[in-house]
Amino acid sequence: MRNLLMVAGFSLMASSAMAQTAPQEFVAKAAAGGMYEIQSSEMVAADAAAPADVQAFAKQMIADHTKAAEDLKAAASKSNLTVPTAVDAKHQAMITELSGASDKVAVYLKQQLAAHEEAVALHEGYSSAGTDENLQAYAVATTPTLKMHLEHVQMLTGGGNAATGSTGATSTTSTGNSTTAPAN
């Protein structure tokens, strides 16, 4: 009976450890996701055919994920961990899909939704169960921005005026002209 309890205890510890993301694995996943965000957003920000609100979102992704990449490098350096310098195969496939898409905006927004859901889950998980204090602090600090991005892309994909593709608020000026304010 005692041996059975010990085996059960070791099994529980092993499954708990497997649920946690190892520090180097977290760095690799966070870096790959961030590099994808920057590269994919650069494509859409430069696309003159993209709506202004989507271009603004893409530019914000470039700025925010560039800062997050710098913060990740600093945290990883403190912990003597290596930050990858190229996207992984999964994210490269997403970039390839986006670059060949006839409707870049639709593909970009679909990918952004999935990427931010994944990034929020990764960072929230490491915030609560991470084993490296430097990376955990990075994850805690980065999660609110990722959640804001997720909310923004959810609004871009599901909110706004479907007939015009606008996600901003429309108002009438004193001259009677209709204007649309870009979404935040």
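Numbering (mature numbering (1 follows the signal peptide of the UniProt record, and there is no 0)) for the sequence shown: -19 to -1, 1 to 165.
For every residue, glycine included, the Cβ atom is placed at its ideal position computed from N, Cα and C.
In this text, all values refer to a predicted model and were calculated from it rather than measured experimentally.
Which of helix, strand or coil DSSP assigns to residue i
i           : result
D34         : helix
P4          : helix
P125        : helix
N115        : helix
T138        : helix
T77         : helix
D69         : coil
residue 184 : The chain is shown only over -19 to 165; residue 184 falls outside these bounds and no answer can be derived.
S58         : helix
T63         : coil
D45         : helix
A39         : helix
Span separating the alpha-carbon of residue i from that of residue j
i    : j   : result
E83  : A31 : It should be pointed out that residue 83 corresponds to Ser in this sequence rather than to Glu. Computed Cα separation, rounded: 12 Å.
N61  : A96 : 27 Å
S137 : A87 : One point to set straight first is that residue 137 is Leu, not Ser, in the sequence displayed. Answer to the nearest angstrom: the Cα atoms are 10 Å apart.
D28  : D45 : 19 Å
Beta-carbon gap between residue i and residue j smaller than 8 Å
i           : j    : result
residue 185 : V8   : For residue 185 there is no data in the structure shown, the boundaries of the chain being -19 and 165.
Y119        : L53  : yes
Q93         : V134 : yes
A11         : L90  : no
S22         : I43  : yes
### Message
Check whether the region 125 to 135 and the region 69 to 83 touch, using three or more Cβ-Cβ pairs below 8 Å as the test.
### Response
no
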